[in-house]
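A.B. asks: Under this note's numbering, think of the first position of the sequence shown as 3, with each following residue one higher.
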Amino acid sequence: MKKNRLGIIGGGQLGMFTCIAAKKKGIKSIILSETEEFSAKNFCDRFFISDFKNFNNIDKFIDSADYFTIETENVPISIIHYIEKKKKVFPCSKVIEIAQNRLKEKKFLNSISGINTTEYLQPKNFEDFKYASKNFNYNCILKSKELGYDGKGQYKISKNNLDIFKEFNFDKFILEKIVDFKKEISIILIKSNANAINYPIVENIHKESILRESFYPAKINKKIKSEAISKSFEIANQISLNGVLAIEMFILKNGQILINELAPRPHNSGHWSMDACNESQYDNLINSIFFNNLTPPKVIAKCRMINLIGNDYKKIESLKKKYRCYDYYKKEIRDSRKMGHYIILDQLNS
Ligand code: ADP
Ligand code: MG
3 MKKNRLGIIG GGQLGMFTCI AAKKKGIKSI ILSETEEFSA KNFCDRFFIS DFKNFNNIDK
63 FIDSADYFTI ETENVPISII HYIEKKKKVF PCSKVIEIAQ NRLKEKKFLN SISGINTTEY
123 LQPKNFEDFK YASKNFNYNC ILKSKELGYD GKGQYKISKN NLDIFKEFNF DKFILEKIVD
183 FKKEISIILI KSNANAINYP IVENIHKESI LRESFYPAKI NKKIKSEAIS KSFEIANQIS
243 LNGVLAIEMF ILKNGQILIN ELAPRPHNSG HWSMDACNES QYDNLINSIF FNNLTPPKVI
303 AKCRMINLIG NDYKKIESLK KKYRCYDYYK KEIRDSRKMG HYIILDQLNS
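(1) Taking the CB atoms as reference points, tell me whether MET200 and ILE231 lie closer together than 8 Å.
(2) Within its chain, find whatever has a CB closer than 7 Å to the CB of LYS132; leave out the 5 residues flanking it on each side and keep chain order.
(3) Less than 7 Å separating the Cβ of SER398 from some heavy atom of ligand 1?
(4) In angstroms with no decimal places, state the Cα-to-Cα distance between GLU99 and ASP61.
(5) For SER275 and SER216, which I take to be in contact (beta-carbon distance under 8 Å), what is that distance rounded to the nearest angstrom?
(6) Could you spell out the range, first to last residue, of the beta strand (DSSP E) harbouring LEU310?
(7) Just the Cα atoms here: how many angstroms apart are ALA278 and GLU148?
(8) What would DSSP say about ASN270, mapped onto helix, strand or coil?
(9) For ligand 1, is there any heavy atom lying closer than 7 Å to the beta carbon of SER211?
(10) Can you check DSSP and say which residues form a bridge with LYS30?
(11) So is the beta-carbon of ASN262 under 7 Å away from any non-hydrogen atom of ligand 2?
(12) Can you tell me whether ILE3 is buried or exposed, with buried defined as 16 or more other CB within 10 angstroms of its CB?
(13) Can you give me the start and stop residues for the beta strand (DSSP E) that ALA198 sits inside?
(14) Taking the C-alpha atoms as reference points, what is the distance between SER157 and ILE222?
(15) Using a threshold of 7 Å, is the CB atom of GLU250 nearer than that to any non-hydrogen atom of ligand 2?
(16) Have a look at LYS25, SER228, ALA101, ASN171 and flag the residue whose alpha-carbon is nearest the alpha-carbon of VAL246.
(17) Give the DSSP-derived three-state secondary structure of GLN124 in the structure shown.
(18) Checking the sheet assignment: what are the DSSP bridge partners for CYS21?
(19) Consult DSSP for TYR84 and reduce its assignment to one of helix, strand or coil.
(20) Quick one, are the C-beta atoms of TYR122 and LEU177 less than 8 Å apart?
(21) Can you tell me whether ASN139 is buried or exposed? The criterion is at least 16 other CB atoms within 10 Å of its CB, across all chains shown.
(22) Candidates SER282, ASP53, SER228, GLY257: which alpha carbon is nearest PRO268's?
(23) Where are the beta strand (DSSP E) runs, 3 residues long or more, that stay fully inside the region 233 to 279, in chain order?
(24) Am I right that SER41 and GLY14 are in contact with their C-beta atoms under 8 Å? What's the rounded C-beta distance?
(25) With a threshold of 8 Å, are at least 3 pairs of Cβ atoms found where one atom belongs to the region 113 to 129 and the other to the region 80 to 93?
(26) Which of helix, strand or coil does DSSP assign to SER115?
(27) According to the neighbour-count rule (16 or more other Cβ atoms, all chains shown, within 10 Å of its Cβ), is GLU210 buried or exposed?
(28) With a CB to CB cut of under 6 Å and the five nearest residues on each side skipped, what residues in its chain are close to SER66?
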C-alpha cells in the first residue's frame, strides 16, 4: 500500500504549515497535540489530543500514520524511541535527543573539529554557581537544559541577583557566557537519502530572547557565508541527519562563528521560504520523507519576515491591507506568544 500518511507530534504553527505543505503533495497529516486548541487543528486530516506520555494513545497515533516527524523538540525522548521501534521518525531519535538538551548539544558540537559554541559551565550547587559566575565576570545566563524556547527557562545573571538562586536545582541548568555578537544568523538544512540541500542564510533579530525578524539576504561577507554553510553541512553529517535541521549561529566582531543551537524541525526563521522560494522548508520536509528527493531552493525575492508577538497581533487586520499575513489561530493573546507573522517582499535586484 502506498505510504501517504504523516504523523506530526505537536500542533503549533510549524505543524500547521507542515500540514498545508503535506496536503498540496497528496499527503495526509495526523497531529498529536497535548492541548485541546492548536494552530494545526483545521489543517490536519485527523488529530489525537493526548498527553505525550499516554502510551495507549501513542499506540493509536502510531497506527494512524506511516511516517512521523516533530514540530517541537520538547517531546519525551522515550516516545520517539517507542515510535521508532515500529516506524520511521524524521529526524531520527539520535538527532532529537541531542538537539533537545543544551548540554548534550554543546558537547556534541564542540566534539566536532572546527565547530565551537559559547563557553559554558555546569555548576552543581550554589557555591559552585557563585564561583562559575565570577569566572564569567557575572556576564552569563543560566539556561535550562531542556524544554526551553523563546528565552523561556533562562535567567540573566548579575553580581546583584546571585542570592535568588540559593535554592535552585542546578542539575537542570547550564551556565553560559554571554557573547557580544555582531549578528545572529541561521541556516536550514534538509537531507534525504538522495540529496542534501540548504536554504540560504538569513539574518535574525531577537528582542528579549524572542525572534522578531528574519531577513534575506543576510548582510554578511562571502567568507562568513561559505564558512557558515560548510560548518552546517559538517554538523549535519556528524549527526547523520535525515529530515530538517535548523542551525542558529552567532557571528562575533572578529568574524568567528559560534553555533548557538540546533532545532531538529522547521524553524521560525525559515517561514520566509513559503513566500520567497520555489519550495519552502515545509515542502522539502515532505519531499524528504515521502519522495526521497529534494528541490534545491531557488530564491525569487528579497524578504523580511516579521513576527507578530503578543499584542502585535491586534495590528493584523490593518497589516493585511499591505502585506501577506499569516495567522496562527491561537485562542488567546499572551505576552511573548507568537501569534502570526507577515512578509515584506522586494525585488531581488533592488
Ligand atoms: P531559545 O531556545 O529560547 O531560542 P537561545 O539560546 O537561542 O534559546 O536564546 C535566545 C536568544 O537569546 C538568542 O537568539 C540570543 O539573541 C540571546 N542569547 C542566548 N544566549 C546568548 C549568549 N550566550 N550570548 C548572547 N546572547 C545570547
Ligand atoms: Mg534559539
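Using N, Cα and C, we set each Cβ at its ideal position, and we do this for glycine too.
C.D. replies: Result, derived from the coordinates:
(1) Taking the first residue of the sequence shown as 1, we reach residue 200 at position 198. Taking the first residue of the sequence shown as 1, we reach residue 231 at position 229. Rather than Met, the amino acid found at residue 200 in this sequence is Asn. Yes, they are a contact pair.
(2) Taking the sequence shown and counting its residues from 1, one reaches residue 132 at position 130. Exclusion of the five residues before and after LYS132 leaves LEU164 as the residues of its chain whose Cβ lies within less than 7 Å of its Cβ.
(3) A query on residue 398 cannot be resolved here, the shown segment of the chain reaching from 3 to 352 and no further.
(4) Within the sequence shown, numbered from 1, the residue matching residue 99 stands at position 97. Within the sequence shown, numbered from 1, the residue matching residue 61 stands at position 59. Taking the CA atoms as reference points, GLU99 sits about 21 Å from ASP61.
(5) As a working note, residue 275 is residue 273 in the sequence shown. As a working note, residue 216 is residue 214 in the sequence shown. Contact between SER275 and SER216 is ruled out by a C-beta separation of about 10 Å, above the 8 Å threshold.
(6) Here residue 310 is taken as the residue at index 308 of the sequence shown, counted from 1. First-last of the beta strand (DSSP E) with LEU310: 304 to 311.
(7) In the sequence shown, residue 278 corresponds to position 276, counting from 1. In the sequence shown, residue 148 corresponds to position 146, counting from 1. Approximately 33 Å between the Cα atoms of the pair.
(8) Here the question's residue 270 lines up with position 268 in the sequence shown. Judged by DSSP in its simplified three-state form, ASN270 adopts helix.
(9) As a working mapping, residue 211 is identified with position 209 in the sequence shown. Under cutoff, so the answer is yes.
(10) By one-based count along the sequence shown, residue 30 stands at place 28. BP columns for LYS30 point to ARG7.
(11) For the purposes of this step, residue 262 is taken as residue 260 along the sequence shown, with counting starting at 1. It does: the Cβ of ASN262 is within 7 Å (strictly closer) of some heavy atom of ligand 2.
(12) Taking the first residue of the sequence shown as position 1, residue 3 is located at position 1. Reading the sequence as shown, one finds Met at residue 3 and not Ile. A residue is called buried once 16 or more other Cβ atoms fall within 10 Å of its Cβ, and MET3, having fewer, is exposed.
(13) Start at 1 with the first residue of the sequence shown, and residue 198 comes out as number 196. If you look at ALA198, you'll find it in the beta strand (DSSP E) that goes 198 to 200.
(14) Counting from 1 along the sequence shown, the entry for residue 157 is found at position 155. Counting from 1 along the sequence shown, the entry for residue 222 is found at position 220. Note that residue 157 is Tyr in the sequence shown here, rather than Ser. Between TYR157 and ILE222, the C-alpha separation is close to 30 Å.
(15) Your numbering for residue 250 matches position 248 in the sequence shown. Inclusion of GLU250 in the 7 Å shell around ligand 2 follows from its C-beta lying nearer than that to a non-hydrogen atom of the ligand.
(16) For this step, residue 246 is matched to residue 244 along the sequence shown. Its Cα nearest to that of VAL246, the residue ALA101 stands out among LYS25, SER228, ALA101, ASN171.
(17) As a first step, residue 124 is located in the sequence shown; it is residue number 122 there, counting from the start. The DSSP-derived three-state label of GLN124 is coil.
(18) In the sequence shown, counting from the first residue as 1, residue 21 sits at position 19. Looking at the DSSP assignment, CYS21 forms no beta bridge with any residue, so it has no partner.
(19) Your numbering for residue 84 matches position 82 in the sequence shown. TYR84 falls in the helix class under three-state DSSP.
(20) Numbered from its first residue, the sequence shown carries residue 122 at position 120. Numbered from its first residue, the sequence shown carries residue 177 at position 175. Yes, these two residues count as a Cβ contact at 8 Å.
(21) As a first step, residue 139 is located in the sequence shown; it is residue number 137 there, counting from the start. Counting of Cβ neighbours within 10 angstroms places ASN139 among the exposed residues, the total staying below 16.
(22) As a working mapping, residue 268 is identified with position 266 in the sequence shown. The residue with the shortest Cα to Cα distance from PRO268 is SER282.
(23) Complete beta strand (DSSP E) runs here, min 3: 245 to 254, 259 to 265.
(24) Within the sequence shown, residue 41 is the residue found at index 39, counting from 1. Within the sequence shown, residue 14 is the residue found at index 12, counting from 1. Separation of the CB atoms of SER41 and GLY14 is rounded to 5 Å, and the pair is thereby assigned contact status at 8 Å.
(25) As far as the Cβ criterion goes, the region 113 to 129 does not touch the region 80 to 93, which means the pair count is below three.
(26) Sequence index remark: in the sequence shown, residue 115 carries index 113 (1-based). Three-state result, SER115: coil.
(27) Working through the sequence shown from its first residue, we reach residue 210 at position 208. Per the 10 Å Cβ criterion, exposed.
(28) Along the sequence shown, read from residue 1 onward, the residue named residue 66 stands at position 64. Closer than 6 Å at the Cβ level, and outside the excluded window around SER66, lie ILE32.
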